[in-house]
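Engineer:
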Amino acid sequence: MAENKTLEHLPEVRAAVAALSPEDRELLAAVQASPFKLTAPEQFKEFAANIDYFVFEPNIHDLNDLGWRYLAQHMDMLLPPELLKAIDPVPFGKYAMQEEQGHFSEHGYISLSGDEWVHERPAEPEKKPSIRERLEQGKKECAEKCKAQPHKEKSAPEL
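Here's what the structure looks like:
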């Protein structure tokens, strides 16, 4: 937690967080309350481009909720209420949490999506050709022009 407070004082980190939507700030809060928390300034600056790196479910707060979500995603049929009452969703929640390597926080349930983290790369500066390369290119162009134009023989001067 102490390292996060130190990072918050960096202007670029503050600017990156301030530019986030309220939903994305909630996701960041969940990330920071999980083992996935960001620790480097670059991660905070790249966070907006990596929202899809995380799966955040703010309405899931415990194994019971997670188990019902898992069952809803994996069952092909609707069960009558009598059968739903007989289901204990907690083992399904434990299984889902283990499979997804997810974590609960006061903000909800968070796991990784499997997407790659996208790093910001500085734009490659446009490379100008060296003088030698430009001279060689000029020679090639000149040679091509000379080949393209028919060579006229000089006629004798008229007297």
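Here the sequence shown is numbered in this note's numbering, starting from 652 and rising by one per residue. Note that CB positions come from ideal geometry on N, CA and C, so glycine has one too. Model, not experiment: these values are computed from the prediction.
Within its chain, find whatever has a CB closer than 8 Å to the CB of residue 685; leave out the 5 residues flanking it on each side and keep chain order.
Structural biologist: By 1-based counting over the sequence shown, the position of residue 685 is 34. Spatial neighbours of residue 685 in its own chain (CB-CB distance under 8 Å, excluding positions within 5 residues in sequence) are listed in chain order as 754, 756 and 761.
Engineer: Taking only three categories from DSSP, how would you classify residue 687?
Structural biologist: Position 36 of the sequence shown holds residue 687. Residue state, collapsed to three classes: coil.
Engineer: Below 7 Å, is the gap between the Cβ of residue 740 and the nearest heavy atom of the ligand GTP?
Structural biologist: Ligands are entirely absent from the displayed structure, and the ligand GTP is therefore not among its contents.
Engineer: Would you mind reading off the limits of the beta strand (DSSP E) that contains residue 761?
Structural biologist: In the sequence shown, counting from the first residue as 1, residue 761 sits at position 110. Taken as a continuous stretch (DSSP letters only), the beta strand (DSSP E) holding residue 761 covers 759 to 763.
Engineer: DSSP state of residue 865, grouped into three classes?
Structural biologist: A query on residue 865 cannot be resolved here, the shown segment of the chain reaching from 652 to 810 and no further.
Engineer: Using the Cβ count rule (16 or more neighbours within 10 Å means buried), how would you classify residue 780?
Structural biologist: Along the sequence shown, read from residue 1 onward, the residue named residue 780 stands at position 129. Flag for residue 780 reads exposed.
Engineer: Is it a yes or a no for the region 782 to 798 touching the region 721 to 740, going by three-plus beta-carbon pairs under 8 Å?
Structural biologist: no
Engineer: Within its chain, find whatever has a CB closer than 8 Å to the CB of residue 712; leave out the 5 residues flanking it on each side and keep chain order.
Structural biologist: By 1-based counting over the sequence shown, the position of residue 712 is 61. Hits under 8 Å: 755, 759 and 760.
Engineer: Taking C-alpha atoms, which residue in 675, 799, 797 and 695 lies nearest to residue 707?
Structural biologist: Reading the sequence shown from its first residue, position 56 is the one you call residue 707. When each option's Cα is compared against that of residue 707, the closest is 675.
Engineer: Reducing DSSP to helix, strand and coil, say where residue 706 ends up.
Structural biologist: Taking the first residue of the sequence shown as 1, we reach residue 706 at position 55. Here residue 706 sits in strand by DSSP.
Engineer: Starting from residue 756, follow its DSSP beta bridges and name the residues at the other end.
Structural biologist: Position 105 of the sequence shown holds residue 756. In DSSP, residue 756 forms a bridge with 759.
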